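One structure is given here, and the rest of the page talks about it.
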Ligand code: ARG
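In our numbering, the protein residues as written are 2 to 571.
Now the structure itself:
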């Protein structure tokens, strides 16, 4: 049950006007509070304290209200009956979002032949959780791994391969497109070296850069040799991405349609832009002016074709908007990238508005902060390179292994992997997404504090109790609740509200922090409220088992939304 909503709806109905409910941090005086008397006193021509008294009396008539009290100039505190709270634990969950939408979720967005690095961590982890939350609320989401598979980097990679294997058939004038070229497949570790080498060379060697540019343009126009080579390395790269997606326990993407797919719509999009008079020529390039008179900050035009006639990243995003419009026709599109792409998306959303493809308020860009090392600078490996995602996962895995060995526990590999995954992902989710954070592989693996392992440990602990108790008790007679039981129940009944706010605020940290608060209350309950001990009477045991069961259910849901796995032991 969404306790907040239930109480709020009942109160509004009783009063005949909307009383906004607050959830006080300290529940000593009440579970909920409202300033409705102060807000409405003027309109009703009454003194706030007097009105508060009337409201408080009337609310006391609601069957779930235990008591009300008035504080300060007219705040009303509302205390809920214990028995009502206890029974609410077994109430069915309700459909959640008031209005469900079709949402295109654009995250991940990896690049072909560039191995995933630390910069892809947040778009992957947060994007996946946001997707899971949206689905839990009943939205229909379509997740896009908008792959960078068609730009200049493709030309650079092919130019590099041409340099190291000039004898390969792809570069020969009598190339045979009908043949099978799978024998040219290279190991991904080798493929990954091509782009960095090519990019470095292109910086100093103009002829090589020109060659890469030409190859890019020819590939985009359908050069059979380049296309065949592209089709050799593309699946290798996709398989490597899938491996990481799998390791990160992300939901599979609904599609991997990225820049290349979007580029298929170049013709209709260009025609649309020309027909609308939106294309302007500037130094040989085609641009769209997106500045408004009301702008205070500079707003450069967005590039559609550069002066060499190549399709730009900006342009492929316009085409992708067009593609999504004519296929999914979503109510909303959410993009999740590094905050440095802010301007790109501002420009893009203006094009959407100018062309009428989407109203600007239906397009959202969430820009996330940087992951720094303990030195406060962007996280690097020991040799000074941007850390690869696979290396980072290994680092966390090693840290967990060391910790487990030190504690003398004996855990299998599957469990170590689950703990490492939780350490990495929870740490990412728990931080405010829009800010930078410091990543320290050692501290994130601690079994205590605001960490993934602590969350899993709590889940395993409570599931052990439930397993030992066997089938859950029937005939529970409500007696009374102690403070630790009551606090835990209040938190359990706050899950649905948290889920909604996490989505409404696009704030995945709310789920992570909720899970942490819940775990703390579970552990306090575990210590202070024995369940299976011999001296606990049967009814108390049954009540506590009910609470433990509900707590586990909600914790498991939160853990699932974060894409973590609960190990069988810990
Ligand atoms: N591949 C891009 C990058 O790595 C991110 C793409 C984000 N999505 C989009 N539709 N532009 O920077």
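Just so it is clear, CB atoms sit at the ideal spot from N, CA and C, and this is done for glycine as well.
Keep in mind it's a predicted model, so treat the numbers as computed, not measured.
Have a look at residue i and residue j and give me their C-alpha separation to the nearest angstrom.
| i | j | result |
| --- | --- | --- |
| residue 192 | residue 234 | 8 Å |
| residue 548 | residue 526 | 10 Å |
| residue 115 | residue 206 | 21 Å |
| residue 524 | residue 151 | 52 Å |
| residue 146 | residue 110 | 5 Å |
| residue 154 | residue 498 | 45 Å |
| residue 118 | residue 190 | 14 Å |
| residue 515 | residue 461 | 18 Å |
| residue 531 | residue 420 | 27 Å |
| residue 341 | residue 406 | 41 Å |
| residue 534 | residue 482 | 18 Å |
| residue 381 | residue 430 | 20 Å |
| residue 302 | residue 288 | 6 Å |
| residue 224 | residue 272 | 24 Å |
| residue 184 | residue 160 | 19 Å |
| residue 39 | residue 45 | 10 Å |
| residue 162 | residue 209 | 12 Å |
| residue 83 | residue 299 | 58 Å |
| residue 218 | residue 188 | 26 Å |
| residue 74 | residue 7 | 26 Å |
State the DSSP-derived secondary structure class of residue i, mapped to helix, strand or coil.
| i | result |
| --- | --- |
| residue 144 | strand |
| residue 286 | strand |
| residue 339 | strand |
| residue 381 | strand |
| residue 571 | coil |
| residue 387 | strand |
| residue 226 | helix |
| residue 70 | strand |
| residue 448 | coil |
| residue 432 | coil |
| residue 427 | helix |
| residue 553 | helix |
| residue 211 | helix |
| residue 504 | helix |
| residue 61 | coil |
| residue 497 | helix |
| residue 84 | helix |
| residue 256 | strand |
| residue 107 | strand |
| residue 438 | strand |
| residue 304 | strand |
Can you name, in chain order, every residue of its own chain whose Cβ lies under 6 Å from the Cβ of residue i, other than the five neighbours on each side?
| i | result |
| --- | --- |
| residue 367 | 337, 507 |
| residue 488 | 522 |
| residue 34 | 23, 25, 76, 78 |
| residue 88 | none |
| residue 274 | 280 |
| residue 374 | 380 |
| residue 5 | 498 |
| residue 68 | 80 |
Less than 7 Å between C-beta atoms, sequence neighbours within five positions excluded: which residues of the same chain meet that for residue i?
| i | result |
| --- | --- |
| residue 424 | 397, 401, 445, 446, 452, 453, 454 |
| residue 538 | none |
| residue 48 | 42 |
| residue 229 | 171, 178, 182 |
| residue 13 | 19, 20 |
| residue 432 | 438, 510 |
| residue 346 | 336, 366 |
| residue 448 | 454, 455, 458 |
| residue 132 | 106, 142, 144, 252 |
| residue 317 | 151, 260, 263, 264 |
Quick check on the burial criterion: 16 or more other C-beta atoms within 10 angstroms. Buried or exposed for residue i?
| i | result |
| --- | --- |
| residue 486 | buried |
| residue 171 | buried |
| residue 544 | buried |
| residue 242 | buried |
| residue 135 | buried |
| residue 270 | buried |
| residue 330 | exposed |
| residue 328 | exposed |
| residue 306 | buried |
Near residue i, which residues of its chain fall below 8 Å by C-beta distance, leaving aside the five closest residues on each side in sequence?
| i | result |
| --- | --- |
| residue 138 | 97, 98, 101, 500, 501, 504 |
| residue 15 | 59, 60, 62, 63 |
| residue 333 | 102, 103, 104, 105, 363, 364, 365 |
| residue 355 | 277, 279, 289, 291 |
Is residue i near the ligand SAM - that is, is its Cβ less than 7 Å away from at least one heavy atom of it?
| i | result |
| --- | --- |
| residue 338 | Among the ligands in the structure shown, the ligand SAM does not appear; only the ligand ARG can be found there. |
field: In chain order, each alpha helix (DSSP H) run of at least 4 residues that lies wholly inside the segment 3–43
entry: 4–16
field: alpha helix (DSSP H) runs contained entirely in the segment 114–200, provided each spans 4 or more residues
entry: 122–137, 153–165
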